[in-house]
Ligand code: OSB
Ligand code: MG
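Numbering (the working numbering), first residue to last: 81 to 475.
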């Protein structure tokens, strides 16, 4: 089947996953709006998180009874992107799920191709495509990483450190995480919390790869670019607004440190445009932001073809979303440390059992279980659900 060439989700170079056929015929979909308690606040250029995080998880059930879970790690407010928990809920229940129930698809790519006429709704599309991949993987009895052509069984990971109240607090937390195994430090920066914090980590832990993530928090004239450039950072992630590709490109020309595209990598086409313009030299690949795993694999293939290093970013996913991210990060082009905090650091408890954690060698094992990488505990999903919607019938 032919995948769409409109609306930004072009898995142009992605042949591998596109050809995987495991018939999927959905009998039922259950969607859950969750409110998960956070055990810590997460502060970035977007502000400070509240004490709870909204997100949506879905359970799809195939006509043969096989179930697959997907996750939309959306926020209540559209700060990082335009999608919200409410817009994603409405896209799932009103647009994406009803037409795919009871209709046979040759495989997950065929299913994803069925919404070729719908623009945006990336978090919702990714949740459905992910759950369909979990079903396909379970039916074939082949773990996702193997299905997609993964080449590694452990993913080197780093930790993303929120803005802190003091340098002392930051250094203490960095030390704890490094002792646990995390092998790269990424600091969230914002005006007022940037060079001093980064220099302190650089001095205290000189051998550790260090990055900063500005989450669009600066304007071209306002950032401490020269000082940051002197710190030997692995990258400066998204210094300017996501759509400020001309300014990102001009900034990159004056720096030795590579800029990394996060918010700017909003679709396959935009990522290609940004790379062509020199707006960044590294890509953070996030399936929810890109609208699915096929598109993420296409962006991965683009990075490989152009010699651009990539890594798998995160959106504070639970073990449901991280299961897909870990399988994706097993592909050969994911050559830099991924963001893969275990749920214990944000939610206390994961929605999956078992879950994952970093090992002393700084890696997280790629799940070897077919279907969802980590088994979902339905009772935990039910306990966190503040709204539910279902369609279809039980197989
Ligand atoms: O910019 O990478 C980001 C979380 C939510 C929204 C945006 C970002 C992040 C993170 C979290 O940095 C990293 C993780 O999920 O481990
Ligand atoms: Mg980022």
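Built from N, CA and C at the ideal position, the CB exists for glycine as well.
Because the structure is a prediction, the values reported are computed rather than measured.
Point to revise | residue 168 versus residue 367: straight-line alpha-carbon distance, rounded | key: Put simply, the backbone Cα of residue 168 is about 15 Å away from that of residue 367.
Practice item. Can you grab the Cα-Cα spacing for the pair residue 356 / residue 338, in whole Å? Key: 14 Å
Check your understanding: Straight-line CA distance for residue 217 to residue 147?
Key -> 11 Å
**Study point:** Rounded straight-line distance, which links the Cα of residue 421 to that of residue 219
**Key:** 29 Å
Review point. DSSP puts residue 432 in a beta bridge; with which residues?
Key: Answer is 456, bridged to residue 432.
**Study point:** Cβ pair count under 8 Å reaching 3, the stretch 374 to 384 against the stretch 122 to 139
**Key:** In this structure the stretch 374 to 384 does not touch the stretch 122 to 139; the number of beta carbon pairs closer than 8 Å is below three.
Check your understanding: Sorry if obvious, but does the Cβ on residue 221 come closer than 7 Å to a heavy atom of the ligand OSB?
Key -> no
Point to revise | Distance between residue 365 and residue 389 (C-alpha atoms, nearest Å) | key: 10 Å
Point to revise | C-alpha gap between residue 460 and residue 431, whole angstroms | key: 6 Å
Review point. Is there contact here, the stretch 141 to 156 with the stretch 195 to 214, by at least three beta-carbon pairs under 8 Å?
Key: yes
Check your understanding: Going by DSSP, which residues form a beta bridge with residue 113?
Key -> Among the bridge pairs identified by DSSP, residue 113 is matched with 136 and 467.
Practice item. Give a yes or no on whether the C-beta atoms belonging to residue 231 and residue 265 are separated by under 8 Å. Key: no
Review point. What do you reckon, is the C-beta of residue 437 under 7 Å from a heavy atom of the ligand OSB?
Key: no
Point to revise | Cα-Cα separation, residue 320 to residue 183 | key: 43 Å
Practice item. Go through the stretch 279 to 353 residue by residue and report every complete run of the beta strand (DSSP E) that reaches 3 residues or more, in order. Key: Secondary structure within the stretch 279 to 353: the beta strand (DSSP E) runs of 3 or more consecutive residues, fully enclosed, are 290 to 293 and 339 to 341 (chain order).
Check your understanding: The beta strand (DSSP E) with residue 391 in it runs from where to where?
Key -> 390 to 392
**Study point:** Boundaries (first-last residue) of the beta strand (DSSP E) holding residue 259
**Key:** Segment 247 to 260 is the alpha helix (DSSP H) holding residue 259; no beta strand (DSSP E) there.
Review point. Do residue 393 and the ligand OSB come close, with the Cβ less than 7 Å from some heavy atom?
Key: yes
Check your understanding: Is the stretch 441 to 448 touching the stretch 260 to 274 in the sense that three or more CB pairs, one from each, lie closer than 8 Å?
Key -> Result yes; three or more Cβ-Cβ pairs closer than 8 Å.
Check your understanding: Do you know whose CA, among 257, 247 and 304, lies nearest residue 280's CA?
Key -> 247
Point to revise | Inter-residue spacing [alpha-carbon to alpha-carbon] between residue 269 and residue 171 | key: 33 Å
Review point. CA-CA distance, residue 323 and residue 424?
Key: 34 Å
Exercise for review: Determine the direct distance from the alpha carbon of residue 120 to that of residue 244, and round the result to whole angstroms.
Suggested key: 11 Å
Point to revise | Rounded straight-line distance, which links the Cα of residue 151 to that of residue 456 | key: 11 Å
Check your understanding: Along the chain, where does the alpha helix (DSSP H) that runs through residue 40 open and close?
Key -> No information on residue 40 is available, as it lies outside the stretch 81 to 475 that the chain covers here.
Check your understanding: Is residue 447 near residue 403, with beta carbons less than 8 Å apart?
Key -> yes
Exercise for review: Write down every uninterrupted run of the beta strand (DSSP E) in the stretch 174 to 242 whose length is 3 residues or greater and which is fully enclosed by it, in chain order.
Suggested key: 234 to 241
Review point. Per DSSP, residue 265 forms a beta bridge with which residues?
Key: Note: residue 265 sits in a beta bridge opposite 239 and 290.
Check your understanding: Comparing the CB of residue 160 with every heavy atom of the ligand OSB, is any distance shorter than 7 Å?
Key -> yes
Check your understanding: Taking 7 Å as the cut-off, does the CB of residue 274 come closer than this to any heavy atom belonging to the ligand MG?
Key -> no
Practice item. Have a look at 310, 335 and 312 and flag the residue whose alpha-carbon is nearest the alpha-carbon of residue 300. Key: 335
**Study point:** Residue of 462, 308, 283 and 284 minimising C-alpha distance to residue 293
**Key:** 308
Practice item. Please find out if some non-hydrogen atom of the ligand GDP comes closer than 7 Å to the beta-carbon of residue 317. Key: Among the ligands present in this structure, namely the ligand OSB and the ligand MG, the ligand GDP is not found.
Exercise for review: Compare the C-alpha of residue 137 against each of 99, 467, 318 and 186 and name the closest.
Suggested key: 467
Review point. Around the Cβ of residue 302, are there at least 16 other Cβ atoms within 10 angstroms (buried) or fewer (exposed)?
Key: exposed
Check your understanding: Should residue 283 go down as buried or exposed, given a rule of 16 or more other Cβ atoms within 10 Å for buried?
Key -> exposed
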